[in-house]
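In what follows, a single structure is set out as structure tokens and then discussed.
Chains as they are written, first to last, in our numbering: chain A, 1 to 348; chain B, 349 to 679.
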């Protein structure tokens with residue numbers, strides 16, 4: 001495997017809940033991210049999936065330094081970037097860029113496309129000398145499949161998919177090594193999603209990029225990712241190579257999540273074993289003791305309320321150290337279950 | 349037939365002239381049947397539903413042609429107060445965004461009970477009891493206590509259950525659900541879709557499910573109508589369409605979605621963009637994006653051909669549906 005480019009360990013983000021105006025005191029905390037570890041290797045795509053409120057976007061924002069972690073470290077090429085400031089921070093930020101979810105609100109409507117994509121050069125003038133910028137921006141437009149002649153147009157003159165291409169071009173402007181993409185295609189129509197996914201695939205090879213790809217659509221994440229981490233209530237509950245997670249999930253939450261995804265094949269309707277979870281995700285202000293998933297888990301026992309399961313290869317699955325079931329899973333009763341295999345033979 | 353929409357035409361007047369949002373849509377739903385209307389944004393799927401419900405904003409909207417037969421009566425010939433009596437009692441709608449569809453300053457009990465007060469003339473007290481009963485039906489825990497709560501105190505999935513309860517309140521014959529689970533997470537989506545399917549069976553309701561999600565459609569629908577640029581381009585029983593689509597647009601959609609069970613290589617992508625309603629292409633609206641397009645497609649609008657090579661009642665608005673169905677001349 002290639003060398004690690006990002007190493008995240010013990011990452012925590014708590015938002016304090018306070019009461020009182022004159023005498024503020026903290027009465028609790030929203031534990032948005034509560035101990036996340038993962039490594040991103042050069043040239044790889046790490047997918048992070050999870051339902052709303054699981055903390056995946058907060059992780060993304062911390063990776064690009066839009067949000068300071070409460071605890072933990074993010075190492076970029078061995079250097080902890082969470083405590084950096086000033087010039088050192090600026091240098092790191094150049095190398096880790098973000099693509100946002102909503103192409104309608106993440107582009108300034110009063111700026112032309114040329115200004116939007118060229119703006120990073122104002123902050124990092126060393127990347128492109130002033131006279132060279134227009135040409136660079138046109139190159140970028142061409143790279144993401146837009147007409148370079150449209151450099152003077154405004155965002156509203158483009159469709160959703162084209163706007164997301166503009167967002168991607170802006171992310172590429174500084175020639176970063178890592179791109180953090182937070183739900184980059186979820187606002188797009190189905191026929192346009194595929195275009196943007198293919199574009200991101202192509203750019204990864206062309207520019208040797210590493211991606212952290214955050215999404216709630218499990219099929220898209222499988223398609224683009226080399227490894228996948230599943231988040232639940234501020235923690236990663238299972239992480240491994242895409243085939244390990246999708247074909248040999250061992251955590252009950254991953255199994256439930258995968259089984260709930262509607263499959264575009266009506267023949268599979270009756271064949272599939274659906275795991276329908278009861279209830280809602282608990283509030284991150286009031287996290288269950290022990291295993292966070294136990295309140296909705298059909299396997300939960302007393303032990304799950306007492307002991308927090310660690311994210312590691314479960315000892316009971318360690319018998320075949322190279323088998324696909326031997327990957328990190330934070331469950332006391334981890335066990336392989338097949339929930340997506342054999343979904344029939346739809347077109348494609 | 350419970351509902352038949354025939355050759356419906358809807359126009360919107362805009363500053364730049366009028367646009368045809370719905371341009372000759374025909375579909376039908378029977379009691380106990382689920383019809384999925386599939387389409388991307390701007391395809392006219394929601395506008396058609398709004399016309400059926402009679403909640404289209406007029407103006408700027410205007411129904412310029414066609415008929416909507418509900419239980420053999422043409423809704424477009426009814427007076428507004430007659431239609432109002434049908435809404436809620438005989439046909440009901442579930443919207444995508446439950447939070448903005450519910451009144452934030454009324455308790456959910458008041459909003460559910462209102463259905464009974466207005467349509468059935470019940471007292472407030474009886475209506476409240478009915479509301480609790482309904483919340484139980486859609487499996488909201490602790491219904492007795494929660495009936496006094498406000499919409500913001502419920503989670504997204506619970507709010508959508510309240511919307512379903514409200515639609516079911518008077519046991520209508522037809523329910524139109526417009527992207528009912530798009531705003532929900534997958535595990536909650538599964539709960540809500542299951543509930544909807546179960547209740548539909550129990551009450552033998554007709555269900556029109558408007559969605560863009562090919563997975564959801566495969567899970568619950570009996571028949572599918574695929575819309576593109578204001579028209580139906582293909583309609584077929586659900587099994588047939590997934591096995592062998594008879595329109596290049598449907599085919600492209602099915603091939604462009606990534607799969608959960610294997611990784612696959614590069615995704616097939618339909619080239620180009622859906623057309624804006626202001627400039628729908630001449631001839632077949634899909635021809636600029638179509639791999640099968642010939643000269644004929646650029647000039648002649650394809651009618652809904654009957655697809656005769658398979659068993660079920662199928663239609664395709666493609667001059668070359670045969671080639672599409674059998675995979676010939678595919679690029």
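C-beta atoms are modelled at their ideal positions from N, C-alpha and C, and glycine is treated no differently. Keep in mind that this is a model prediction, so the values were computed, not measured.
Check	Outcome
Among B:360, B:535, B:596, nearest to residue 392 of chain B - alpha-carbon criterion	B:360
Beta-carbon contacts of residue 423 of chain B that lie in its chain and below 6 Å, excluding the five residues immediately before and after	416
Any C-beta of chain B under 8 Å from that of residue 343 of chain A	Model confidence at residue 343 of chain A stands at a pLDDT of 46, short of 50, so the residue's coordinates are unreliable and nothing is read from them.
CB of residue 63 of chain A within 8 Å of CB of residue 96 of chain A, strictly	yes
Reference residue 375 of chain B; option with closest CA among B:367, B:365, B:352, B:369	B:352
Residue 254 of chain A - DSSP class collapsed to helix/strand/coil	helix
Any C-beta of chain B under 8 Å from that of residue 280 of chain A	yes
Separation of residue 594 of chain B from residue 640 of chain B, as counted between CA atoms	12 Å
For residue 9 of chain A and residue 72 of chain A, believed in contact at Cβ under 8 Å, the rounded distance	6 Å
Residue-chain proximity (residue 505 of chain B, chain A), Cβ-Cβ < 8 Å	yes
Helix, strand or coil at residue 677 of chain B [DSSP, three-state]	Because residue 677 of chain B carries a pLDDT of 44, less than 50, the predicted location of this residue cannot be relied on, and no value is offered for it.
Extent of the continuous beta strand (DSSP E) run through residue 207 of chain A	Unbroken run through residue 207 of chain A is the alpha helix (DSSP H), 190–207; no beta strand (DSSP E).
Between the CA atoms of residue 585 of chain B and residue 570 of chain B - distance to the nearest angstrom	6 Å
Under the three-state DSSP convention, the category residue 351 of chain B falls into	strand
CB contact flag (residue 59 of chain A, residue 36 of chain A, <8 Å)	yes
Beta-carbon neighbours of residue 219 of chain A, restricted to chain B and to distances below 7 Å	605, 606, 607, 608
8 Å Cβ cutoff, residue 352 of chain B in contact with chain A	no
Cβ-based contacts, 8 Å cut-off: residues of the segment 381–396 of chain B near chain A	388, 389
Min CB distance residue 563 of chain B to chain A below 8 Å	yes
Separation of residue 625 of chain B from residue 166 of chain A, as counted between CA atoms	24 Å
Distance between residue 295 of chain A and residue 348 of chain A (C-alpha atoms, nearest Å)	Summary for residue 348 of chain A: the model assigns pLDDT 34, below 50, so the residue's position carries little reliability; its value from the coordinates is reported in the next sentence. Taking the straight line joining both Cα atoms gives about 39 Å.
Simplified DSSP state of residue 349 of chain A, which is helix, strand or coil	Because chain A is modelled from 1 through 348, residue 349 of chain A falls outside the range shown and cannot be assessed.
Exposed unless 16 or more other CB atoms sit within 10 angstroms - verdict on residue 650 of chain B	buried
Cβ-based neighbour list, residue 499 of chain B, same chain, cut-off 7 Å, excluding 5 preceding and 5 following	447, 450, 452, 456, 507
Under 8 Å between C-beta atoms of residue 7 of chain A and residue 39 of chain A	yes
8 Å Cβ cutoff met for residue 284 of chain A and residue 31 of chain A	yes
Where residue 511 of chain B sits in the DSSP three-state scheme	helix
Simplified DSSP state of residue 470 of chain B, which is helix, strand or coil	coil
C-beta neighbour in chain B for residue 340 of chain A, strict 8 Å	yes
Proximal residues of chain A, C-beta to C-beta of residue 412 of chain B below 7 Å	Those do not exist, as residue 412 of chain B stays about 27 Å from chain A at its closest Cβ, beyond 7 Å.
Short Cβ contact (8 Å threshold) for residue 212 of chain A with residue 196 of chain A	no
Counted within 10 angstroms of its Cβ, other Cβ atoms place residue 125 of chain A as buried (16 or more) or exposed	exposed
Buried or exposed (CB count within 10 angstroms, at least 16 for buried), residue 473 of chain B	exposed
Stretch-stretch touch, CB-based, cutoff 8 Å, three pairs: the segment 158–165 of chain A with the segment 96–109 of chain A	yes
Through-space distance from residue 631 of chain B to residue 369 of chain B, alpha-carbon basis	16 Å
Where residue 566 of chain B meets chain A, residues with beta-carbon distance less than 8 Å	262, 263, 264, 265, 266, 268, 269
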